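Below is one structure; the comments refer to it alone.
There are 2 protein chains.
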Amino acid sequence: MHEQQRQRTTRMLDEAGVELALFSDFDSVRWLTGLNLSPPALVLFERGNFTLLADEGYGEASIFGDETGCSYVPIVGYTIQQPIDAPARLAEALSEVAVGVNGLSGQVGVEEKSLTLGLWQALRDAFPGSEHRSLEGWLLPLRAVKTEEELARIREGFRLTTIGHEAGRNAVRLGQREIDVWTEVQTAVEREAGKWMQMGNDCIVGHRPGNMSAAPLDFEIIANDSFILDLSVVVDGYWTDSCATYYADQPTARQIELHKFVEEALAYAVSLIRPGETAKEVDEKVRSFMAAGGYEVYPHHTGHGIGLTGHEAPRIVPYNQEQFQEGNVIMLEPGIYIPGVTAIRLEDAFLVTADGAEQISHHDKRLP
Amino acid sequence: MHEQQRQRTTRMLDEAGVELALFSDFDSVRWLTGLNLSPPALVLFERGNFTLLADEGYGEASIFGDETGCSYVPIVGYTIQQPIDAPARLAEALSEVAVGVNGLSGQVGVEEKSLTLGLWQALRDAFPGSEHRSLEGWLLPLRAVKTEEELARIREGFRLTTIGHEAGRNAVRLGQREIDVWTEVQTAVEREAGKWMQMGNDCIVGHRPGNMSAAPLDFEIIANDSFILDLSVVVDGYWTDSCATYYADQPTARQIELHKFVEEALAYAVSLIRPGETAKEVDEKVRSFMAAGGYEVYPHHTGHGIGLTGHEAPRIVPYNQEQFQEGNVIMLEPGIYIPGVTAIRLEDAFLVTADGAEQISHHDKRLP
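From first to last, the protein sequence lines stand for chains Z and H. Note that numbering that gives the first Met the number 0 has the first sequence beginning at 0, numbered continuously upward. Note that numbering that gives the first Met the number 0 has the second sequence beginning at 0, numbered continuously upward.
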């Protein structure tokens, strides 16, 4: 798994003259291996070879060790014979692996926002005299372009997200609470998946004072309520995202007007997406569209990439000069919020293609 | 909140001559503040004063800043005006806070298994020439003795755990799958709590090949099945734990025999708990009790402490020479496992009192 990811990483590091690197960011480790591990875990890069150091309990990790240029060093996890201490075991394993790395000295690439002082000391003891060179954030642009393997996980996630939305739409009824709707959504997704699923994000009645972004509480659905269900389902480490707005009964004339305008804003946003377009320009155009319609401009992003996290490159925000590339998976999510009264947000996911965007989320966002 | 925790920490650090320390372990930060924050967050200790550096979004953090000897430095979290980068914001905030710390140099206490290289550099820039001194694990023995504030959260957790078990017992029926049982448990707990709850652990049919410890999958409950539901509910950051064994229909004669023996083993284990007893001796005695009964001795711990994590001091395992103290909250959980056939585990929680143990979990573990 994720051979392409390692090839791209090797090419980048070769070009930058990096012979030795330690990836400690958990998302980096999962992206380089394709494994949905639990933390902590490390990947040591040595001139095109990748060594994974992770808990002994992962069956898939030994499969990783059989791939070309890859090896797997299991570390002791749960035991009753000594304290459970993954950081100490990782440091020991790192020292042992380092014995096999000859002829390298000088610089070691590191991710300093996740590498702990303890592991850095172990690394420096293993490679005396070495200095660190920051590779912080180097994988992020690579991660923004998805492979077929990653897209398969993301598409499966959207299949489940759609099932969650169906349950959510049915559960939004007068007298139900936010948490009641949420448990219906969660149950539908987990029963379909046949296992626990990591899920998020917002599950909010329109009359709640802060009705833009919040986890479900015991607010009850009242007459003329709208209901935002913003749902992520995570499949094998890969996030989805999606938002629909439901109604307690028939939406009011005002809600219908807002809902239709947000539909138009979303359609407009999608029409702007193609390789080479700049994130900040799309952001600005969609905000202008909202303002031109006479509506308050949402204070959040116009959209964002997804992948191993729920929010990643490319962010569609005012400062971001990144250009869209084929293979990006992005969310677009315009909304209108009237605090304490009603809120409407609609969100879809798109794969950036050679000449536009393919919609890959399929939940029903229509008015009832 | 958690004033006692800070007083005990100050006393310990004073005695050890530590004037300045940075706590980066997320459990340390939550224990020192009493706040159930999200990562990342830091606490800087300076001669009895505690400064919390954490996301600006936490209303409760400003209340913390009003407590004696405490201050709160909010860091920018979600924004569309610049990249979201909590590690960078924490490093900047740390540098600013350090300006106000005068006359300290020499040693800085750190937790090197969680302190990142990036933050260590920010700290060293702020206190030039300073060396680090390891405080790794120093708070663990203090954390093992709970305060009334912590016990209130834990007791509320056990109220919810009991509700989850009631739903689980009802859901264990022929033809239901593990995940179906789990969604019933989860729904019952979240509806009662009125919000999302972090929950775990095991939800397993007896005929599953690995029937000791596993998350729910789509294994179906068959005739003569037993069913282990090992449930944790986390309230304001504090874990509970609990295990009961249920049956698809009437338990077989063999299951009744095993269930009764595990009940006896649990009662025996409880009878051993009092301040001054050694964890490894209790572990050894309960294992001997199992063996004397003619049963395979379980390969896991006899029990463990709980608190801000699901497994913490004192671990009741073969190597642990720690003595129980008044205020420990511990789990005891003997079990018998016949892989692929049936498995029985019963687990309760106890507060170590002046002369024994008070049971604080109240789920029904009886045979039907």
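Using N, Cα and C, we set each Cβ at its ideal position, and we do this for glycine too. Predicted model only: the values in this text are computed from it and were never measured.
Could you give the distance in angstroms between the alpha-carbon of residue 283/Z and the alpha-carbon of residue 319/Z? The sequence position of residue 283/Z within the first sequence is 284, counting from 1. The sequence position of residue 319/Z within the first sequence is 320, counting from 1. Near 11 angstroms, if we compare the C-alpha coordinates of residue 319/Z and residue 283/Z.
Whole-angstrom C-beta distance between residue 178/Z and residue 215/Z, which should lie under 8 angstroms: To locate residue 215/Z, count along the first sequence from 1; it is residue 216. To locate residue 178/Z, count along the first sequence from 1; it is residue 179. Taking C-beta atoms under 8 angstroms as the contact rule, residue 215/Z and residue 178/Z qualify, at a distance of about 5 angstroms.
At 4 residues or longer, what runs of the alpha helix (DSSP H) sit wholly inside the segment 4–37 of chain Z? Correct list: 25–32.
If you check the beta carbons only, do residue 359/H and residue 154/H fall under 8 angstroms apart? Indexing the second sequence from 1 puts residue 359/H at position 360. Indexing the second sequence from 1 puts residue 154/H at position 155. Cβ distance < 8 angstroms, so residue 359/H and residue 154/H count as in contact.
Quick one: measure Cβ to Cβ for residue 299/H and residue 79/Z, integer angstroms, because I've assumed they're closer than 8 angstroms. Working through the second sequence from its first residue, we reach residue 299/H at position 300. Working through the first sequence from its first residue, we reach residue 79/Z at position 80. Yes, residue 299/H and residue 79/Z are in contact; Cβ-Cβ is about 7 angstroms, under 8 angstroms.
May I ask you to verify whether the segment 324–341 of chain H touches the segment 203–222 of chain H, counting CB pairs closer than 8 angstroms and requiring at least 3? Pairwise C-beta distances place the segment 324–341 of chain H in contact with the segment 203–222 of chain H, as three or more of them are shorter than 8 angstroms.
Per-residue contacts from residue 308/Z into chain H (C-beta, under 9 angstroms): Start at 1 with the first residue of the first sequence, and residue 308/Z comes out as number 309. Ordered by position in chain H, no residue passes the 9 angstroms Cβ test against residue 308/Z, which lies about 10 angstroms from the chain.
Is it buried or exposed, residue 221/H, if we count other Cβ atoms within 10 angstroms and call 16 or more buried? Position 222 of the second sequence, counting from 1, holds the residue named residue 221/H. Residue environment: residue 221/H is assigned as exposed (fewer than 16 neighbouring CB atoms within 10 Å of its CB, all protein chains considered).
Beta carbon of residue 41/H, beta carbon of residue 116/Z: below 8 angstroms? Taking the second sequence and counting its residues from 1, one reaches residue 41/H at position 42. Taking the first sequence and counting its residues from 1, one reaches residue 116/Z at position 117. The Cβ-Cβ distance between residue 41/H and residue 116/Z does not fall below 8 angstroms.
Compile a chain-ordered list of the residues in the segment 23–50 of chain Z whose CB is closer than 8 angstroms to at least one CB of chain H. Near chain H, meaning a CB-to-CB distance below 8 angstroms, no residue of the segment 23–50 of chain Z qualifies.
Output needed for residue 100/H: all residues of its chain with C-beta closer than 6 angstroms, excluding positions within five of it in sequence on either side, in chain order. Taking the second sequence and counting its residues from 1, the one referred to as residue 100/H is at position 101. The beta carbon of residue 100/H lies closer than 6 angstroms to those of 45 in the same chain, with the five residues before and after it left out.
Would you mind telling me which residues of chain H sit closer than 8 angstroms to residue 344/Z, beta carbon to beta carbon, in chain order? Residue 344/Z sits at position 345 when you count from the first residue of the first sequence. Under the 8 angstroms cutoff, chain H gives no residues; its nearest Cβ is about 15 angstroms from residue 344/Z.
Beta-carbon gap between residue 368/H and residue 276/H smaller than 8 angstroms: Look at the range of chain H in this structure, 0 to 367, and you will see that residue 368/H is not part of it.
Is it buried or exposed for residue 39/Z, if we count other Cβ within 10 angstroms and need 16 for buried? To locate residue 39/Z, count along the first sequence from 1; it is residue 40. By the 10 Å Cβ count, residue 39/Z comes out buried.
Using 8 angstroms as the threshold, is the segment 6–25 of chain H in touch with the segment 286–297 of chain H, meaning 3 or more CB pairs across them? With contact defined as three or more Cβ pairs closer than 8 angstroms, the segment 6–25 of chain H and the segment 286–297 of chain H are not in contact.
For residue 67/H, count neighbouring Cβ atoms within 10 angstroms of its own Cβ and tell me buried if that reaches 16, exposed if not. Within the second sequence, residue 67/H is the residue found at index 68, counting from 1. Exposed: under 16 other Cβ atoms inside 10 Å.
If we cut at 8 angstroms on Cβ distances, does residue 8/H have a partner in chain Z? Here residue 8/H corresponds to residue number 9 of the second sequence, with the count starting at 1. So, not an interface residue.
Give a yes or no on whether 8 angstroms exceeds the smallest Cβ distance from residue 369/Z to chain H. Since the first and last residues shown for chain Z are 0 and 367, residue 369/Z lies out of range.
To the nearest angstrom, how far is it from the Cα of residue 280/Z to the Cα of residue 317/Z? Indexing the first sequence from 1 puts residue 280/Z at position 281. Indexing the first sequence from 1 puts residue 317/Z at position 318. If you take the alpha carbons of residue 280/Z and residue 317/Z, they lie about 8 angstroms apart.
Paired residues, beta bridge with residue 43/Z - DSSP: Counting from one through the first sequence, the residue named residue 43/Z turns up at place 44. DSSP links residue 43/Z through a beta bridge to 21/Z and 50/Z.
Does the Cβ-Cβ distance between residue 149/H and residue 134/H come in under 8 angstroms? Looking up residue 149/H in the second sequence gives position 150. Looking up residue 134/H in the second sequence gives position 135. Not a contact, by the Cβ cut-off of 8 angstroms.
So what does DSSP say about residue 332/H, is it helix, strand or coil? Mapped onto the second sequence, residue 332/H falls at position 333. Under the three-state reduction of DSSP, residue 332/H is assigned to coil, being neither helix nor strand.
Let's test the definition: count the other Cβ atoms within 10 Å of the Cβ of residue 24/Z and tell me whether it reaches 16, buried, or not, exposed. Here residue 24/Z refers to the residue found at position 25 when the first sequence is read from its first residue. Buried is the label assigned to residue 24/Z, since at least 16 other Cβ atoms lie within 10 Å of its Cβ.
Using a cut-off of 8 angstroms between C-beta atoms, extract the partners of residue 279/Z located in chain H. As a working note, residue 279/Z is residue 280 in the first sequence. By Cβ distance, chain H contributes nothing, its closest Cβ being about 10 angstroms from residue 279/Z, past 8 angstroms.
For residue 190/H and chain Z, any beta-carbon pair shorter than 8 angstroms? As a working note, residue 190/H is residue 191 in the second sequence. Yes - at least one Cβ of chain Z is within 8 angstroms of the one on residue 190/H.
Give the C-beta separation of residue 306/H and residue 328/H to the nearest angstrom, bearing in mind that I take them to be a contact with Cβ-Cβ under 8 angstroms. Counting from 1 along the second sequence, the entry for residue 306/H is found at position 307. Counting from 1 along the second sequence, the entry for residue 328/H is found at position 329. Under the criterion of beta carbons closer than 8 angstroms, residue 306/H and residue 328/H qualify as touching, at roughly 7 angstroms.
Chain H residues whose Cβ lies nearer than 9 angstroms to that of residue 318/Z: As a first step, residue 318/Z is located in the first sequence; it is residue number 319 there, counting from the start. Within chain H, 79, 80, 81 and 82 have C-beta atoms less than 9 angstroms from the C-beta of residue 318/Z, given in sequence order.
Neighbour list for residue 216/Z in chain H, Cβ cutoff strictly below 7 angstroms: Along the first sequence, one-based indexing puts residue 216/Z at 217. Result: 193 and 194.
DSSP state of residue 238/Z mapped onto helix, strand, coil: Within the first sequence, residue 238/Z is the residue found at index 239, counting from 1. Correct three-state label for residue 238/Z: strand.
Classify residue 127/Z as buried or exposed, calling it buried when 16 or more other Cβ atoms lie within 10 Å of its own Cβ. By one-based count along the first sequence, residue 127/Z stands at place 128. Residue 127/Z should be labelled exposed.
Which whole-angstrom value describes the C-beta separation of residue 267/H and residue 367/H, a residue pair presumed to lie in contact below a C-beta threshold of 8 angstroms? On the second sequence, position 268 is the one that residue 267/H refers to. On the second sequence, position 368 is the one that residue 367/H refers to. Taking 8 angstroms as the upper bound for CB-CB distance, residue 267/H and residue 367/H are not in contact here, some 23 angstroms apart.
Considering residue 294/Z, what are the terminal residues of the alpha helix (DSSP H) in which it resides? Taking the first residue of the first sequence as position 1, residue 294/Z is located at position 295. Looking at the DSSP string, residue 294/Z is not in any alpha helix (DSSP H), and its letter there is neither H nor E.
Report the partner residues of residue 342/Z according to the DSSP bridge assignment. Position 343 of the first sequence, counted from the first residue, corresponds to residue 342/Z. For residue 342/Z, DSSP records a beta bridge to 336/Z.
By the 10 Å Cβ neighbour count, where 16 or more other Cβ atoms means buried, how is residue 98/H classified, buried or exposed? Counting from 1 along the second sequence, the entry for residue 98/H is found at position 99. By the 10 Å Cβ count, residue 98/H comes out exposed.
I'd like the ranges of any beta strand (DSSP E) spanning at least 3 consecutive residues and lying wholly in the segment 172–226 of chain H. Complete beta strand (DSSP E) runs here, min 3: 197–204.
Under 7 angstroms between beta-carbons, which chain A residues line up against residue 109/H? List them in chain order, please. Absent from the structure: chain A. Protein chains present are Z and H.
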